[in-house]
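Numbering (the numbering used here), first residue to last: 716 to 868. We put the beta carbon where it would ideally sit given N, CA and C, even for glycine. Computed from a predicted model, the values in this text were never measured in an experiment. Working notes, structure below.
Written out as structure tokens, the structure is:
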């Protein structure tokens, strides 16, 4: 037979079990956190970088972007690729009542360190099938030069 204390304890345990994990409430909280953190800034656009004999190649997945909305900056020993795409609002879209609208705009910024010095002014970039390929020619390595010392005698 359960005593009053056991009944209270059983009630508390059952109540805790019901509130520990509620998948729909948890999903909503996660969605709220994602909005609060502005998840597009956390977007991890996939990137490959490798070195060839004559240069460094950077490839970046950029679906939905083109040469008009992507900027590339080479500075010292790093390259920064930034993209921002905004879909223009059509008359039909204005009639719809959106609860979430994420497809219409997106952005990314990726900065990576380069494995060697490059000639930024000779860089070449192209889009093909949603992939941006950036070819950065290597700079000539500075060769050691022997300095002759002049002495007055």
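- By alpha-carbon distance to residue 838, the top candidate from 809, 828, 794 is 794.
- Restricted to the segment 768-801, the beta strand (DSSP E) segments that are unbroken, complete and at least 3 residues in length are 770-776, 785-790, 793-801, listed in chain order.
- Between residue 777 and residue 855, the alpha-carbon positions lie close to 31 angstroms from each other.
- Beta-bridge partners assigned by DSSP to residue 765: 772.
- By the beta-carbon neighbour count (other beta carbons within 10 angstroms, threshold 16), residue 780 is buried.
- About 20 angstroms separates the CB atoms of residue 852 and residue 782; that is not less than 8 angstroms, and the two are not in contact.
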